[in-house]
Amino acid sequence: MSTFTDTSEKGFQKYIVNELVEENKFRESVSNDFDKEFCINPKQLWEFVKETQPETYEMIQRKGERSFLVRLDEKLRKLGVIEVLRKGIKHFDKTVNLFYRQPASNYNAKDLDKFKANIFSVTQELVYSSDNANRLDLTIFLNGLPIITCELKNPLSGQTVHNGIRQYQNDRDPKEKIFTFARCMVHFAADTELVFMTTHLNHKKTFFLPFNKGLNEGKPTGNFGAGNPINPTGLKTHYLWEEVLTKQSLANIIDKFAQVVEETDEETKKVKRMMIFPRYHQLTAVRQILAHAKSNGLGNKYLIQHSAGSGKSKSIAWLAHQLHGLFDTSGENHLFDSVIVITDRIVLDKQLSEDIKQFSPKRGIVEHITNVGGSKTSQLKEALANRKKVIVCTVQTFPFLLDEMADMPAMQFGIIIDEAHSGQSGQTSSKMNAVLADKHKGEEPEEKTLEDKINELIESRKMITNGSYFAFTATPKNKTLETFGVKSEETYIDDDGEIKHKFYAFHVYSMKQAIEEEFILDVLKNYTTYNSFYKLIKAVEENPEFDTKQAQKKLRAYVEGHEFAIAEKAKIMIDHFHRDVRQLINGEAKAMIVTKSIEAAIKYKQAFDSYLKEIKSPYKAIVAFSGSKTVNGVDYNEVDMNSFKTFKTNIPKNFKRNEYRFLIVAEKYQTGFDEPMLHTMYVDKKLADVQAVQTLSRLNRAKKPYKKDTFVLDFFNDAEDIQAAFKPYYTATILSEETNPNKLNDLVDSMEVFEVYSEYQIDDFFEKYIQGEDRTKLDPIIDKSADFFKNDLSKDQQIDFKAKAKSFLRVYSYLGKILDFNSQDWEKLFWYLKYLVPKLYIEQTDDLAEGILESIDMDSYRPSKETTQNIVLEPEPGEVAPIPVQVGGGKSEPELDTLENILSAFNQRFGDIEWSDKDKVRQILTKQLPDEMKANKEIMDAIQHSDKQNAKISSDRKLEELMQQYLFSQTEIFKKFTTDKDFQRRYKEFVFDTLIDANKQAGVNP
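Start counting at 1 in the sequence shown, then tack on 199, and there's your number in the numbering used here.
Quick look at the structure:
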C-alpha cells in the first residue's frame, strides 16, 4: 500500500521537531521529564550544572536541591527568565551560571567550549498544569528552563494560526507558572503560512504581533506587503525553525535582544514592566547590518528605510549596543571605539537614550548628552575621553560640540543617524566628518602649503573612512539615498545615452507592510476634500490693471485668511468633530488643525474659542507656534493664548488632558509628534512631497483595540496631489540616478560669462582666507564683485547669476561628500561665493498686484464638501529624481489685466453653486420655505418660549420634514440639502435666523 504525504497538524509538528533535532542538534525530551511545581526540566538542569560547574553542583547537593530550586523559582518570578539566564543566581557562596553566551570572538576557545555545553531541547505535547490535561504543541528549553512555547496549526486540516491565537487567549491560563510574566521570553502561534508572537498572556486581551518576513523579505525590490513569500524549497514559515530557533540564534536573542523593560507613566508615576522580543524585521535588519559591517570593515554606509510603526527606536538601541562590541573578521579587534547616535527629534532624544540604556548589559556604557550636570560640550569631551561606548545627542546639539572634539585622538566611530535627511547633509555633516576623521596621518606635522590646506578642506567634506554610517528614516529624500544608499551594480542607459546607476536602501520595512500588519493606520482612507467657493466684487469705481498671476495668488490668500472664511471653516471642523469624532477611541479622540501661517493659527484659535463657547462645548483648543506674532496691532504668543493652569509651556502634556481635543499648529508638531489619540486632521495649507507624508502621518499611530481608522478633512489640497506625495514612500524608495558632477561644470561655465569674478580674485581671496588674514583684506576683494553685480548687470542678469551661485553652493556642499575626486577650483569657488552671495542685493521686484486687496470686497464665502474617498497607492517601488542643478534663471514677464477681468476669472474659478434655475431656487429657499416655517405655530411657539438651543433643534427638525415635499418637484434642492452637509447646516442657520428676526419684529424676544 502506498504511503501518502503526512499533511496533518501532527505531521507539521514532527517535521519541525525533526529539523531542530537533526539539523540543529537539539535534544528531544518528553513531557514526563517536566517538573510542574518548579516549571523546569530538572534532569537537564542538573546535567548542565554538573557538567559545567562541578564544584557548584557539589555545593547544591550538600545544601539540598530543593533549597536551590525554591530560590531559582523566586528569582524567575521576580526577574524573569532572561535576567536569570544572563546573570545566573547567587546561592550561598557561589554564583550558579544557567547559560553560557556565545563568545564575540571565536578565538576564545574556553568560552566557546562553555557555549557548546548549553543544552537546547524541545518537548512535544507538554502537559504543563497539575489542574488540567492541557498540552502545548512545542516547548523549547535551555538548560532545563522553558524559554519558548508554541501552538501549531495546519490550514490543510482546517485550522489556521488564528485558531492558535484564540487557543492562547481562551484556553491558556496566565496564572499557570509557565505563562506568568517573563517566565518564557515569547509564545508563538504558527502555521505553514504565518507566525504570530506574544510576550504576555492576558486572557482575551492578549495582543499578538505578526512575526513574518514581509513579501519583500527586507529587500528594496519585489512584491511588498504583510505575510511571507513563497518558499520554492519548502514551507513559507521555514525561517522560524531554520533561522530563529537555532542554537546560535536563540543564544544571540537571549544575550542581545530579549529584555524586560520598565516604563513610568508621567501622570500616575505607575511603573509598567514589559517583556520585549524583537519583531522579525528588527531582528534580521540588525543582524544583516552587523554581519555586513563585520565582513566589510569601516567606511561603509547603510540606509535603513523603516516605516513609522516599525519600532525604530528599539532597532537603533539593539544596533547601537551590539556595534560597540563587534569584532572584525580576525576576531581580535573591536571595529568601533565609540558609537554616536544622533537624533533629529528632541522629543525622542530622551526616549532613545532610555531604550539604549535598558538594552545595554552594563552600566556606564551609555552617555546621554544633556544640559544636566554641566555643559554639553564638556559632557561630550568627557564621554569621548573616557571611551564611552555609546553617546547619544541631538543633531541640534552636535554642531556646537564638534569644534571641541577636534583635538581628540584617533578613534573609530559608528555613527547612527535617526531620521536621516538633508538637514544632516550640509555644513554640519562636513564639520562632523572633519572632526571624527582619523588624525594619525603622519609623524611630526610639517608646515602646510596652500594646496595642503585646500585638500584638507575638500577632505573634510568627505564621508569619514575611520567609521561607518547607519542612517534610519521612513521617508528618504534623494540626497539621503545618494549619500547613504546602496549603489546598484546593475546599470541602465537613459534617454541621452548615458549609463546610470540606481540607489537603494540596505533594508526596507515598508509603509504598506506596517499598515497591513496593523502597526499603523492608513491615513489615506476616508480622505475628504473641500472646495472653497467665494465671490469677490469691486470696491472702487476705477478699473486699474494688475499682474494676473500675482493678483490671483493674493486674492486666494486674502479670502482663505479672511476672519469670516476661517470662522466658517472652524464651524465645519467643530461640528464635524462633535458629530462624528468625539465618541471614537473610547471617547478620547482628538484632532489637529494644520494651518498655513502663525497668523492663520491665531485666527483659528480665536474662531475655535468663540464657536466652542457659543455651542457650550466641554472641549478646548490649544494653539502651537514658535515666538510671538503681531496681528491687527496685538502681540500674541502660544503661552498667553493657551493659559494653561499647570505646565504652562508644555503643550504635549496638556494635550493629553481630556478637555483639550483640538491642537491648532503652524509649522510645529507636524513631525516627530507622537499622540495615539489623534484621530482626525483638518488641513488648511498646501502640503507636498515628504512634508505631506510626515504631516499626515501624525494620525497613523495605532491605539488598539479602540482606534480603528483615521479621518482627514482637507480644505486646500487635491486627492491627486496627496497620492503623488505618498507614492515614493509606500513601499521602497529608489533614487533613479546619481547626481551628475558635470552639471557643476556647466553651472560654473554659465556663471563665468557674467564676469562677476575673475580667477585672480578667487585665488587672492582664498589664499588670504585660508591664512587667516584680517577681514579688512578680504572684504575689498568680494566688494569689487558685488559692485560689478549691482552696476553692470541688468535685473534679469542679477536674478539669473544669483540663482546659479546659490545652486552651486547648495549642490557642491552636498556633492563634495561623495565625489570620488577632488577639485581645488570648485573648493575655492565655493568659499568665494559663500561670502559673495550675501552681498548680492537685488532691488525688490515691483509688486504689480499692489493695491488689489484695497480695491475688492468679499461678497460671499462658502466651503463645500467635494468628495470622500480612499486614496489608493500602487504597491510598486517609488523613484525620486536626483537633486536638481539649476542652470536657468531670470524672471517671467508679467501679464497685465484689468481688475474687472481678474475678478471675473477668479469668481469663475472659485464661484458659487450653479443652480439650473437660479430665480426659482432663490424664491423657494429665501421666501417660500421660510414663510412655511413662520406659518407653523408650534415652531414659532418654540422660538418664543424655549431657550435658543432647543428652539434651533425644533426648527431644524421641522425644516427637514418640509424639505421632503421637494423630493420629486425640486430634486436639485432636495439632493443638495440631503447630500451636502455644509449647505444643510448653513441653510438651517439661515432659516433659524429668519425666524428669530420675525419673532423680534412681532415685539417678543426669545
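Glycine included, each C-beta is placed from N, C-alpha and C at the ideal position.
- Pairing residue 278 with residue 722, the inter-Cα distance amounts to about 40 Å.
- The closest CA to that of residue 506, considering only 259, 1010, 810, 704, is found on 704.
- Counting other Cβ atoms within 10 Å of its Cβ, residue 1174 stays below 16 and is therefore classed as exposed.
- In this structure, the beta-carbon distance from residue 765 to residue 806 falls below 7 Å.
- Residue 363 carries a helical assignment under DSSP once its states are collapsed to helix, strand and coil.
- When only Cα atoms are considered, residue 837 and residue 423 end up about 43 Å apart.
- Around the Cβ of residue 382, a 10 Å sphere holds 16 or more other Cβ atoms; the residue is buried.
- Uninterrupted beta strand (DSSP E) stretches at least 3 residues long and entirely within the segment 904 to 992 occur at 910 to 913, 932 to 934, given in chain order.
- Around the CB of residue 1148, fewer than 16 other CB atoms lie within 10 Å, so the residue is classed as exposed.
- About 6 Å separates the beta carbon of residue 883 from that of residue 794, a gap short enough to meet the 8 Å contact definition.
- The segment 871 to 899 is shown to contain whole alpha helix (DSSP H) runs of 4 or more residues at 888 to 895, in chain order.
- When secondary structure is reduced to three states using DSSP, residue 1014 falls in the helix class.
- Contact annotation: the segment 799 to 819 touches the segment 850 to 870, with at least three C-beta pairs closer than 8 Å.
- Residue 320 and residue 899 have their C-alpha atoms spaced approximately 42 Å apart.
- Restricting attention to 281, 252, 333, the CA atom closest to the CA of residue 296 is found in 252.
- The three-state secondary structure of residue 714, taken from DSSP, is helix.
- The Cβ atoms of residue 719 and residue 508 lie closer than 7 Å to each other.
- Boundaries for residue 839: no beta strand (DSSP E) harbours it, while the alpha helix (DSSP H) harbouring it runs 837 to 841, taken from the DSSP string.
- When DSSP reads this structure, residue 502 sits in a beta bridge with 670.
- Under a 10 Å Cβ-count criterion, residue 974 is classified as exposed, with fewer than 16 other Cβ atoms of the shown protein chains found around its own Cβ.
- The alpha carbon of residue 223 has as its nearest neighbour, out of 455, 447, 266, the alpha carbon of 447.
- Annotated three-state conformation of residue 206 is coil, per DSSP.
- Residue 790 is bridged by DSSP to 861, 879.
- Per DSSP, residue 704 lies in no beta strand (DSSP E) and is assigned neither H nor E.
- By the Cβ test, the segment 997 to 1014 is in contact with the segment 1031 to 1038, since at least three Cβ pairs between them sit closer than 8 Å.
- By alpha-carbon distance to residue 227, the top candidate from 375, 342, 207 is 342.
- When secondary structure is reduced to three states using DSSP, residue 1074 falls in the coil class, being assigned neither helix nor strand.
- When rounded, the separation of the alpha-carbon atoms in residue 519 and residue 953 is 51 Å.
- Excluding its 5 nearest sequence neighbours in each direction, residue 325 has C-beta neighbours in its own chain below 7 Å: 230, 233, 334, 335, 338, listed in chain order.
- DSSP lists 395 as the beta-bridge partner residues of residue 409.
- Across the structure, residue 314 and residue 454 are spaced so that their CA atoms are roughly 12 Å apart.
- If you check the CB distance, residue 997 and residue 1041 come in under 7 Å.
- Take the alpha-carbon of residue 897 and the one of residue 937: they are about 31 Å apart.
- Just so you know, the alpha carbons of residue 452 and residue 698 end up roughly 44 Å apart.
- If the five residues before and after residue 934 are omitted, its C-beta is found closer than 7 Å to the C-beta atoms of 677, 680, 681, 684, 701, 702, 1079, 1081, all from its own chain and listed in chain order.
- The DSSP-derived three-state label of residue 775 is helix.
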